[in-house]
Amino acid sequence: MNPKQPDPKKESWLRSTSLLLAIPSLLVISPLCGLFLGRFADRWLKTTPRLEYAGLALGFLAAIREIYLIIRRVKAEQESARRR
Amino acid sequence: MGLDFLVRVRRTSLLAGLVAALIAGSSFTLSTGLGVAAGAVWSLLNLLALEAIVTGRVGARLGRDHSMRRIAVGGSATLALFIAGAVLLTQLSPIALMVGFLIPFAVLVLKAASMLLLQSSLWRRITANPWQAAAFLAVVIAASWFAATGTHGVLRANAQESHATTTEAHAAQAEPATTEAHATETEHAAAEGEHAEAEGPKMFDNVLGVVIKANHGKPWANFLHHFEYVIYAMIVAVILSIIFITAARNPQMVPGPLQNVIEAAVEGAYNFFVGILGPKYGPRFVPFLGTLFIYIWAMNFFGTIPMMHSPTANLNITVAMALTVFGYVQFTAFKELGFMGWLDHMAGSPRSAIGWALVPLMMPVHLIGELAKPISLSCRLFGNIFGEDMLLVGFATLGITALSSLHMPFGLPLQLPFMFLGVLITQPVQALVFTMLSTVYFLLMLPHGDHGHGHEAEAHHNAH
Chain B
325 MNPKQPDPKK ESWLRSTSLL LAIPSLLVIS PLCGLFLGRF ADRWLKTTPR
375 LEYAGLALGF LAAIREIYLI IRRVKAEQES ARRR
Chain X
386 MGLDFLVRVR RTSLLAGLVA ALIAGSSFTL STGLGVAAGA VWSLLNLLAL
436 EAIVTGRVGA RLGRDHSMRR IAVGGSATLA LFIAGAVLLT QLSPIALMVG
486 FLIPFAVLVL KAASMLLLQS SLWRRITANP WQAAAFLAVV IAASWFAATG
536 THGVLRANAQ ESHATTTEAH AAQAEPATTE AHATETEHAA AEGEHAEAEG
586 PKMFDNVLGV VIKANHGKPW ANFLHHFEYV IYAMIVAVIL SIIFITAARN
636 PQMVPGPLQN VIEAAVEGAY NFFVGILGPK YGPRFVPFLG TLFIYIWAMN
686 FFGTIPMMHS PTANLNITVA MALTVFGYVQ FTAFKELGFM GWLDHMAGSP
736 RSAIGWALVP LMMPVHLIGE LAKPISLSCR LFGNIFGEDM LLVGFATLGI
786 TALSSLHMPF GLPLQLPFMF LGVLITQPVQ ALVFTMLSTV YFLLMLPHGD
836 HGHGHEAEAH HNAH
């Protein structure tokens, strides 16, 4: 096997696309994940619906945080590609 | 493609949300329409607030004060939206809200997909001939009609259920004596519903299913029934192992057809994954990610073979694969960062007093973020492959129904175009998306010195 020489521009594009592909699902799944974890904790601790709402809020925060990290990474990727 | 793309998405989403709310309001109930509208507006405002936070943070042209103001406004708006969302959830139908919430994302995905499609050679080829273009349009309309009919049924059932609950509540207030009878009826209906749910939707017959039905009640048939999808997944694994072992057993300098195909596949996977993960870490993960891609593609394709079934149309199989990826990602983080580094990463890498004060908040936030990754991986693959199977069953049934009045021993093969579409697009694309996202999860966990910067893992490395 003789792998091709890497093309930095293509690699940067591929990395940015892959990173951006993760955004839509994380944006939807994280709040739902928080909601269901909160609901589970509510049933366990009999505190309905406080932890459910708290879980939902934490889920949204988690989604925002993940997206922020991804966008920051993509920006850095584009900057680094431009410099090259 | 920049912020102007998001502006176009917002405009289209606003129009699409308005149309969807009008359709929902006139077809179902007023509250369903309101729910769709509220969900769409909420989602758009949320995106706007997110955009303000992100541009405030990464916008190089803005001054520091202006950036901070933007971030503060975006953050406050997001918090206000959480409260509004909680109130809406208690007042309106959650399904209608979710439909409205997803409209901007659907527009985003469709716009991005159409941009890619319009520039592709496939689109140029389709539109070169008017007859070909008309046939393509007819297939798209038929598929949309079928999908819309299914959604319509689910929404109507939901609206009827909520209507029945309201009516029952009114009746209970008027006649307390009849409450017990109503409760019994409701329990009976719920039991019937559960029974119907346990039966599950109809799917194509497969070899194991036929054997199980023929030997109903026998212990080994029960065993086969319990492990039906696992057995199919193992059959696929055995077939792939045989193919790869045969190809690699006696490699030649001038390769035969099988060796040629396998070498091309391995080389393609190597270049792809090393392209994303970089030359330092990429080669280490190529065997795992390449195997994952080929295995998922083969499992997706398995359902197209007559009397076989796609193991990925079962949530247990996709969850198992997603958990494997999750476990490997966490193991890699442990190995690369060490236990304390991993804990630091989970706590959001605090480097100041405010950072340490926020640790109790960042821990659960990070935990939810990590848990969301395997859930999104498994649900997406399962939903797409299961949906494709259901589409094929629907069109096959339609083909049989179309000729039923002629008492023919066969039906129109209406499912065939969708089978080809699945083989050419859905199955490889879903395998690629699963693997690509798994690669991204590795990428986010790995320190990266040779291409760009800006993640906790790297921050941790710099700190040491």
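Top to bottom, those sequences are chains B and X. Per the working numbering, the very first residue in the first sequence carries number 325; after that it's consecutive. Per the working numbering, the very first residue in the second sequence carries number 386; after that it's consecutive. Note that CB positions come from ideal geometry on N, CA and C, so glycine has one too. None of the values given here were measured: they were computed from a predicted structure.
{"query": "Three-state secondary structure (DSSP) at L743 of chain X?", "result": "coil"}
{"query": "Spell out whether any CB of chain B is found under 9 Å from the CB atom of A848 of chain X.", "result": "Caution is warranted here: a pLDDT of 43 is assigned to A848 of chain X, below 50, making its placement in the model unreliable, and no coordinate value can be reported."}
{"query": "Give the residues of chain X in contact with R367 of chain B, contact being defined as C-beta atoms less than 8 Å apart.", "result": "Within 8 Å Cβ-Cβ: nothing; R367 of chain B doesn't reach chain X, min ~17 Å."}
{"query": "State the Cα-Cα distance for the pair G807 of chain X and G448 of chain X, rounded to the nearest angstrom.", "result": "50 Å"}
{"query": "Residues of chain X with CB closer than 8 Å to the CB of R322 of chain B, please, in chain order.", "result": "Any question about residue 322 of chain B goes unanswered here, given that chain B covers just 325 to 408."}
{"query": "Straight-line CA distance for S404 of chain B to P664 of chain X?", "result": "16 Å"}
{"query": "If you reduce the DSSP assignment to three classes, tell me which class T709 of chain X lands in.", "result": "helix"}
{"query": "Could you tell me whether any Cβ in chain X is nearer than 9 Å to the Cβ of R363 of chain B?", "result": "no"}
{"query": "Select from X:I438, X:R395 and X:I456 the residue whose C-alpha is nearest the C-alpha of V429 of chain X.", "result": "Reading the sequence as shown, one finds Leu at residue 429 of chain X and not Val. Nearest C-alpha to L429 of chain X: X:R395."}
{"query": "By the 10 Å Cβ neighbour count, where 16 or more other Cβ atoms means buried, how is L809 of chain X classified, buried or exposed?", "result": "exposed"}
{"query": "Under the three-state reduction of DSSP, which class applies to Q637 of chain X: helix, strand or coil?", "result": "coil"}
{"query": "State buried or exposed for I753 of chain X, treating a residue as buried only when at least 16 other CB atoms are found within 10 Å of its CB.", "result": "buried"}
{"query": "Does N431 of chain X pass the burial test, meaning 16 or more other C-beta atoms within 10 Å, or should it be called exposed?", "result": "buried"}
{"query": "Looking at the C-beta of R393 of chain X, does it have a partner C-beta in chain B at a distance below 9 Å?", "result": "no"}
{"query": "Relative to the C-alpha of S461 of chain X, which candidate in B:E401, B:L385 and B:L393 has its C-alpha closest?", "result": "B:L385"}
{"query": "For H751 of chain X, which of helix, strand or coil comes out of DSSP?", "result": "helix"}
{"query": "Would you tell me roughly how many angstroms separate the C-alpha atoms of V623 of chain X and R765 of chain X, rounded to the nearest one?", "result": "25 Å"}
{"query": "Could you tell me whether the Cβ atoms of G410 of chain X and M483 of chain X are closer together than 9 Å?", "result": "no"}
{"query": "If you run the structure through DSSP and keep just helix, strand and coil, what is N600 of chain X?", "result": "coil"}
{"query": "If I661 of chain X sits next to R339 of chain B, beta carbons under 8 Å apart, how far is it from one beta carbon to the other, in whole angstroms?", "result": "5 Å"}
{"query": "Can you give the Cα-Cα distance for V439 of chain X and Q715 of chain X, rounded to whole angstroms?", "result": "27 Å"}
{"query": "Pull out every residue of the region 394–408 of chain X whose Cβ sits closer than 9 Å to any Cβ of chain B, in chain order.", "result": "none"}
{"query": "Would you mind telling me which residues of chain B sit closer than 9 Å to V704 of chain X, beta carbon to beta carbon, in chain order?", "result": "Going along chain B, no residue has its Cβ under 9 Å from V704 of chain X, so there is no contact; the nearest lies around 13 Å."}
{"query": "Compare the beta carbon distance of R342 of chain B and V443 of chain X with 9 Å and say whether it is the shorter of the two.", "result": "Inspection of the sequence shows that residue 342 of chain B is occupied by Ser rather than by Arg. No, they are not a contact pair."}
{"query": "With 9 Å set as the bound, which would you pick, yes or no: does the beta-carbon of A576 of chain X sit closer than that to a beta-carbon of chain B?", "result": "Because A576 of chain X carries a pLDDT of 49, less than 50, the predicted location of this residue cannot be relied on, and no value is offered for it."}
{"query": "I want to verify the contact list: residues of chain X whose CB lies under 7 Å from the CB of R389 of chain B, in sequence order.", "result": "V750 and G754"}
{"query": "May I ask you to report which of helix, strand or coil DSSP gives I810 of chain X?", "result": "helix"}
{"query": "Does chain X have any CB closer than 9 Å to the CB of K370 of chain B?", "result": "no"}
{"query": "Give the interface partners of R765 of chain X over in chain B, defined as CB-CB distance under 7 Å, in chain order.", "result": "S349"}
{"query": "Which residues of the region 335–349 of chain B have a Cβ closer than 8 Å to any Cβ of chain X? Give them in chain order.", "result": "E335, S336, L338, R339, S342, L343, L345, A346, P348 and S349"}
{"query": "List the residues of chain B that M821 of chain X touches, going by C-beta distances under 7 Å, in chain order.", "result": "S342 and L345"}
{"query": "In chain X, which residues lie with their C-beta within 7 Å of the C-beta of L382 of chain B?", "result": "P749, V750 and I753"}
{"query": "Do you know offhand how far R397 of chain B's Cα is from H611 of chain X's?", "result": "44 Å"}
{"query": "DSSP three-state call for Q517 of chain X: helix, strand or coil?", "result": "helix"}
{"query": "Where does T820 of chain X sit, in a helix, a strand or coil, going by DSSP?", "result": "helix"}
{"query": "Would you check if the region 682–698 of chain X and the region 756–775 of chain X touch, i.e. whether three or more CB-CB distances between them fall below 8 Å?", "result": "yes"}
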